[in-house]
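For reference, the structure discussed in these notes is given below.
Protein chains: 2
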Amino acid sequence: MSNSKGHTLDRQDATADVPIRDVLTQYETALNGGDSGASLNLYADDAVLMTPNRATLIGKQAILEAYQGFAKLIAFNVSFEVQSILQMGQDWAYARTTSRGTTANRNTREITNEANQELFILKRDGSQRWQIAVYSFSSTNPLP
Amino acid sequence: MSNSKGHTLDRQDATADVPIRDVLTQYETALNGGDSGASLNLYADDAVLMTPNRATLIGKQAILEAYQGFAKLIAFNVSFEVQSILQMGQDWAYARTTSRGTTANRNTREITNEANQELFILKRDGSQRWQIAVYSFSSTNPLP
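Here the protein sequences come in this chain order: X and Y.
When you read off a place in the first sequence, starting at 1, and then add 585, the result is the number in the working numbering.
When you read off a place in the second sequence, starting at 1, and then add 585, the result is the number in the working numbering.
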């Protein structure tokens, strides 16, 4: 299957694969470190974050406030596994991941087992850097 | 901002906008009608469905079984509002929507107020038809 550039998707995937995996690894590190600034730095300026149980967050200021809120309340200890990366166009790709681990409530010390599925849409900016454009995720744990 | 085809994104958006809105309208109709076959028909063969509180569903058989399970248990009465549509490449686009309405449990008759955010990645197949490639959503209702 060829795309508009005439490359096969496989070849495209190989090109985007390493830098996108690197973004996802940086995301995991930032999340587990409670480093809201580092998390935010992975997002595009006009990014969209769809986090469960709140309205869609649009733009870096709203996204930063969400990460600051999470970091204040929760200590993350999760690891992401890349399920697939597909380049959809010259400067667009998506990545599907799953994540597992625990979160600890900083106030109550309660530990929660986490299992999630994530969909990242990434875009490449003028400096050839892949950034998160849209991110949606949900728990894969059964309802309690 | 031009893409690999040299079209502006605005022009691309205008091209994809109508057929993608049509897919989303068909999806709403199928969901509210409990018509699992019609829902399934909107998905690509290798589609991925990320529905909260279960493992990622991959492929039409798994997706069909999920819709049949939903339709058996739940009557949907929801309406989708398109928030944005962006074409990412020749044959790829994403759509963000929100949805509101109610679901009724067919067994208990319990009515639940629904508010969700949805991210659809769509791709155009050889017959120029846009189909759902990846779909992830979550509730925007606050945690109980």
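We put the beta carbon where it would ideally sit given N, CA and C, even for glycine.
Where residue i falls: helix, strand or coil (DSSP)
i	result
A640 of chain Y	coil
L625 of chain Y	helix
Q716 of chain Y	strand
E666 of chain X	strand
K590 of chain X	Summary for K590 of chain X: the model assigns pLDDT 40, below 50, so the residue's position carries little reliability, and this model does not support an answer.
D738 of chain X	This structure cannot settle anything about residue 738 of chain X, because the visible part of chain X is limited to 586 through 729.
D630 of chain Y	strand
D595 of chain X	Any reading at D595 of chain X is ruled out, since the residue's pLDDT is 44, under 50, leaving its predicted position unreliable.
T600 of chain X	helix
Terminal residues of the alpha helix (DSSP H) in which residue i lies
i	result
L649 of chain X	645-658
Residue i vs residue j beta-carbon contact at 8 Å
i	j	result
L658 of chain X	R694 of chain X	no
A678 of chain Y	A615 of chain Y	no
R730 of chain X	A700 of chain X	Past the boundaries of the shown model lies residue 730 of chain X; chain X is included only from 586 to 729, so the question cannot be answered.
A640 of chain X	T697 of chain Y	no
K708 of chain X	A651 of chain X	no
A660 of chain X	A689 of chain X	yes
I670 of chain X	I605 of chain X	yes
Q672 of chain Y	S621 of chain Y	no
S746 of chain X	S723 of chain Y	Any question about residue 746 of chain X goes unanswered here, given that chain X covers just 586 to 729.
G674 of chain X	G674 of chain Y	yes
V608 of chain X	L625 of chain X	no
T728 of chain X	S721 of chain Y	Reading the sequence as shown, one finds Leu at residue 728 of chain X and not Thr. Their beta carbons are not under 8 Å apart, which means L728 of chain X does not touch S721 of chain Y by this criterion.
Q702 of chain Y	T683 of chain Y	yes
First through last residue of the beta strand (DSSP E) which encompasses residue i
i	result
R726 of chain Y	Note that residue 726 of chain Y is Asn in the sequence shown here, rather than Arg. It is not in any beta strand (DSSP E) - N726 of chain Y carries neither H nor E in the DSSP assignment.
R681 of chain Y	677-690
E703 of chain Y	696-709
Distance cut-off 7 Å: residue i Cβ against heavy atoms of the ligand HEM
i	result
L658 of chain X	Ligands displayed in this structure: none; no statement on the ligand HEM is therefore possible.
If the cut-off is 9 Å on Cβ atoms, which residues from the region 661-690 of chain Y count as contacting chain X, listed in chain order? Answer set for the region 661-690 of chain Y: Q668, S669, L671, Q672, M673, G674, Q675, D676, W677, A678, Y679, R681, T683.
Is the number of C-beta pairs between the region 636-646 of chain X and the region 660-680 of chain X that are closer than 8 Å three or more? With a cut-off of 8 Å, the region 660-680 of chain X and the region 636-646 of chain X do not count as touching, because too few Cβ pairs lie within range.
Three or more beta-carbon pairs under 8 Å between the region 623-634 of chain X and the region 709-726 of chain X, yes or no? The answer is yes - the region 709-726 of chain X touches the region 623-634 of chain X, with three or more Cβ pairs under 8 Å.
Please list the residues of the region 624-641 of chain Y that have a C-beta atom closer than 8 Å to any C-beta atom in chain X, keeping them in chain order. Going along the region 624-641 of chain Y in chain order, one finds V633, M635, T636, P637, N638, R639, A640, T641 with a Cβ nearer than 8 Å to chain X.
In the region 699-718 of chain Y, which residues sit with their C-beta less than 7 Å from some C-beta in chain X, listed in chain order? For the region 699-718 of chain Y, which is checked against every Cβ of chain X, the residues closer than 7 Å are Q702, L704, I706.
Under 7 Å, CB to CB, which of the residues in the region 597-611 of chain Y have a partner in chain X? The region 597-611 of chain Y vs chain X, Cβ under 7 Å: nothing.
Below 7 Å between beta carbons is the criterion; list the residues of the region 639-658 of chain X that meet it against any residue of chain Y, in chain order. Residues of the region 639-658 of chain X with a C-beta less than 7 Å from any C-beta of chain Y: R639, A640, T641, listed in chain order.
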